[in-house]
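Reading through the structure tokens given below for one structure.
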Amino acid sequence: MQGYDQVPGEQYLFRHSDGTYVFTKEMSKAVFRPIQKTVTEKFTDLCDREITSADIVGNGPIYDTSSTISYYAGLPIDPKDINTRGLVYIGGKKVDGIESKLGFYINFDGQYHFGEGNPPTPFNAFGGLGPLIVKDYRPSTKFPRPVIFNDVNVYDKNVESSPPPKQTGDPYPEQEDNLLRRSSATISSYSAGQGIMAIGTSSATGLLHVLIREEGVSYGSETRSAIEHFRQLQCDNAVFLDGSTSITCRTKLKYYAEPDKRKNNSIEIGFKIS
1 MQGYDQVPGE QYLFRHSDGT YVFTKEMSKA VFRPIQKTVT EKFTDLCDRE
51 ITSADIVGNG PIYDTSSTIS YYAGLPIDPK DINTRGLVYI GGKKVDGIES
101 KLGFYINFDG QYHFGEGNPP TPFNAFGGLG PLIVKDYRPS TKFPRPVIFN
151 DVNVYDKNVE SSPPPKQTGD PYPEQEDNLL RRSSATISSY SAGQGIMAIG
201 TSSATGLLHV LIREEGVSYG SETRSAIEHF RQLQCDNAVF LDGSTSITCR
251 TKLKYYAEPD KRKNNSIEIG FKIS
């Protein structure tokens, strides 16, 4: 992959000059599965346990916790006190989460599926994710494909000026095919310079990519956004998971990003790819 150097000792991990790590594996050989911690475990305990049967493990969707005492005391939090924003399925069984009709999902049932809302016919799935690039977003529209997301709508120069194009939300039907980027209220958190935990696939190359960049680390002025990376990797689907100090990435060799102490006690859901 041009611009990405293989990390010494790693079979599937590459590093861009801006500091972003990219886990890359053939989609046909990459099995995605959510993982879930027990009552007494820290999230890194779960990662250490699951990596024995995986090539990479990482953190899952955004969540809330009702156990503020345990959170601020730095104690492991019971999963029943954690509310994952989005449905989580393992092997076709719902194990956690609440519905998120405005979120996006990734579902693996032998093939990878991405879309808006709750995952339909889920097998191994996360809901409640943020969109970066989604090929089949609202297929009844005339949006150019794949649909790329932004903090505001972006149109080409040929867009009609009347009515004035909407800056957020769905564009007017007559302006749909002029849309370059669709607005998303969550996308601004994944601008250049921020931490990244995101998963994308490319139908052109047949590859799955996981982007990882640790929060709070300075990578210099050439830091690229997640979307820029995924576009270079020819991805037509990409979604992001929880970021900030939740970002966790472990391979068989080592950790490349670890959660802070409080998040380590409160993250319940993660994923593995084997």
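Residue numbers (the UniProt record's numbering): 1 to 274. Here a beta-carbon is modelled for each residue, glycine too, at the ideal position from N, C-alpha and C.
Short of 6 Å from the beta carbon of Phe123, and not among the five residues preceding or following it, lie these beta carbons of its own chain, in chain order: Gly92, Asp109. Annotation for Cys47: Val57, Arg250 place their beta carbon closer than 6 Å to its own, counting only its chain and skipping 5 residues before and after. Just so you know, the alpha carbons of Leu132 and Tyr172 end up roughly 21 Å apart. Assignment of Ser183 by DSSP, reduced to helix, strand and coil, places it in the strand class. In the structure shown, Met1 adopts coil according to DSSP, grouped into three states. In terms of CA proximity to Gly117, Gly103 leads the group Ser184, Glu10, Gly103. Listed in chain order, the beta strand (DSSP E) elements of length 3 or more contained wholly in the region 226-274 are 237-240, 249-251, 255-257, 269-273. For Thr168, there is no enclosing beta strand (DSSP E), as DSSP marks it with neither H nor E. Counting C-beta atoms within 10 angstroms of its own C-beta, Ala185 has fewer than 16 neighbours from the protein chains shown and is therefore classed as exposed. Pairing Ile212 with Met27, the inter-Cα distance amounts to about 18 Å.
If you ignore the 5 residues before and after Tyr4, its C-beta comes within less than 7 Å of the C-beta of Phe14, Arg15, His16, Val22, all in its own chain and listed in chain order.
CA-CA distance, Phe230 to Arg85, rounds to 24 Å.
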